[in-house]
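Here is the structure we will look at.
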């Protein structure tokens, strides 16, 4: 599974009901018994065999089809291409409820609860595309009430301990107020794993564009970051640390430069659910009496991946 660009983990969920071998089917002394073992010899793996017979002149034609069962116990005939299978595709989705939407330390939901979710398609070659959305506070930064991101890229392992992720992402705000707020970035990162410890170092660059021209003398943005995670052995808990640096128009500082940081803990709740508690803060120079988008806050999130 891939890790969503906006920090959500998505994983493919599969479930099935394993049944015993199908009974042999026979159609007179000249017919062969068809069993799961026969199908296995032909490279077919199945949970249950459904057979049907039809007359073709004087000949009885016997056909079979493998089926599996969904969670409700209803038989569902699998199509390898639509389910991933032979196509090499994997489909995943994620949803989350968070007490505050923070992007690189900056509050984009006005201190209010945000609903988030995404959908990803990845290929066994490492290429992927996806989309992710979040609710916003339309009165806070002028982006409207919705953020919709579209992205694509490639990720893979260079070795057992080193991974690479490169791609492109477009941030769009469908119902923003007057002006052009949409922008895009190119990103890349290197990940390293050492036992229970993993670290990721990355860069994201948004070249000059109208969506980043806020009249401050710059219309591009550079973001550098490092993430560190430590899984606590024999527990469902992972501790995380993050440090980021922004140089460009996406800051709330007078000089266009700002650090952001966070410490957090992830807890696997079982099944597809997880929880996160974090303290997040960023540098900022708010105007007197104005809302402080960068003030430190404790943020709690519960999420599910499928």
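Residue numbers (this note's numbering): 2 to 307. Glycine residues also receive a C-beta, built at the ideal position from the N, C-alpha and C atoms.
Would you please state the rounded distance, in angstroms, between the beta carbons of residue 193 and residue 165? I believe it to be under 8 Å. Numbered from 1 along the chain shown, position 192 holds the residue referred to as residue 193. Numbered from 1 along the chain shown, position 164 holds the residue referred to as residue 165. Not confirmed; about 11 Å, so no contact.
Using 8 Å as the cut-off, can you tell me whether the segment 130-143 makes contact with the segment 173-182, which would need three or more C-beta pairs spanning the two stretches below that distance? yes
Three-way DSSP call (helix, strand, coil) for residue 139 in this model: Stepping through the chain shown from its first residue, residue 139 is reached at position 138. Three-state DSSP puts residue 139 in coil, outside helix and strand.
Below 8 Å, how does it come out for the segment 194-201 and the segment 214-223: are there three or more Cβ pairs, yes or no? no
Are there any heavy atoms of the ligand MG lying less than 7 Å away from the beta-carbon of residue 190, as far as the coordinates show? Ligands are entirely absent from the displayed structure, and the ligand MG is therefore not among its contents.
If you follow the beta strand (DSSP E) that residue 300 is part of, which residue opens it and which one closes it? Start at 1 with the first residue of the chain shown, and residue 300 comes out as number 299. 298-306 is the extent of the beta strand (DSSP E) around residue 300.
Applying the criterion that 16 or more other CB atoms from any shown protein chain within 10 Å of the CB defines a buried residue, is residue 253 buried or exposed? Within the chain shown, the letter at position 252 stands for residue 253. Counting Cβ neighbours within 10 Å, residue 253 comes out buried, since at least 16 surround it.
Give me the residue from 110, 156 and 257 with the minimum Cα distance to residue 101. As a first step, residue 101 is located in the chain shown; it is residue number 100 there, counting from the start. Minimum Cα distance to residue 101 is reached at 110.
On the CB-based measure, 16 or more other CB atoms within 10 Å of its CB, does residue 289 come out buried or exposed? Residue 289 sits at position 288 when you count from the first residue of the chain shown. So residue 289 counts as exposed.
Does residue 211 come out as helix, strand or coil in the three-state DSSP assignment? The residue labelled residue 211 in the question sits at position 210 within the chain shown. The answer is helix: DSSP assigns residue 211 an H, G or I state.
Taking its Cβ as the centre, do 16 or more other Cβ atoms sit within 10 Å of residue 281, making it buried, or is it exposed? Numbered from 1 along the chain shown, position 280 holds the residue referred to as residue 281. Buried.
Can you give the Cα-Cα distance for residue 209 and residue 265, rounded to whole angstroms? By 1-based counting over the chain shown, the position of residue 209 is 208. By 1-based counting over the chain shown, the position of residue 265 is 264. Each residue's alpha carbon lies about 33 Å from the other.
Let me check understanding here. Comparing Cα to Cα, which of 203, 89, 94 and 133 lies closest to residue 274? The sequence position of residue 274 within the chain shown is 273, counting from 1. Closest by alpha carbon: 94.
By a C-beta neighbour count over all protein chains shown, 10 Å radius and 16 as the cutoff for buried, is residue 291 buried or exposed? Locating residue 291 in the chain shown gives position 290, counting from the first residue. So residue 291 counts as exposed.
Among 124, 133, 237 and 293, nearest to residue 155 - alpha-carbon criterion: As a working note, residue 155 is residue 154 in the chain shown. Of the candidates 124, 133, 237 and 293, the one whose C-alpha sits nearest the C-alpha of residue 155 is 124.
Could you check how far apart the C-beta atoms of residue 1 and residue 183 are, in whole angstroms? I think they sit under 8 Å. With the chain represented from 2 up to 307, any question about residue 1 goes unanswered, as that position is not in the structure.
When DSSP builds the beta bridges, which residues end up paired with residue 190? The residue labelled residue 190 in the question sits at position 189 within the chain shown. Answer by DSSP bridge pairing, in chain order: 166 and 203.
Secondary structure of residue 88, DSSP reduced to three states: Against the chain shown, residue 88 aligns to sequence position 87. Note: residue 88 maps to helix in three-state DSSP.
Return the residue from the list 267, 170, 97 and 143 that minimises the CA-CA distance to residue 129. Along the chain shown, read from residue 1 onward, the residue named residue 129 stands at position 128. The shortest Cα separation from residue 129 among 267, 170, 97 and 143 belongs to 170.
Which of helix, strand or coil DSSP assigns to residue 95: Stepping through the chain shown from its first residue, residue 95 is reached at position 94. Looking at residue 95 - three-state DSSP - the assignment turns out to be strand.
Looking only at C-alpha atoms, which of 150, 214 and 142 sits nearest to residue 121? Walking along the chain shown from the start, residue 121 turns up at place 120. Comparing Cα positions, the closest option is 150.
Could you check what DSSP says for residue 255 in three-state terms: helix, strand or coil? Numbered from 1 along the chain shown, position 254 holds the residue referred to as residue 255. The answer is coil: DSSP assigns residue 255 none of H, G, I, E or B.
Could you check what DSSP says for residue 149 in three-state terms: helix, strand or coil? Locating residue 149 in the chain shown gives position 148, counting from the first residue. If DSSP states are grouped into helix, strand and coil, residue 149 belongs with the strands.
What is the rounded straight-line gap between the Cα of residue 251 and the Cα of residue 306? Translated into the one-based positions of the chain shown, residue 251 becomes position 250. Translated into the one-based positions of the chain shown, residue 306 becomes position 305. So the two alpha carbons sit approximately 30 Å from each other.
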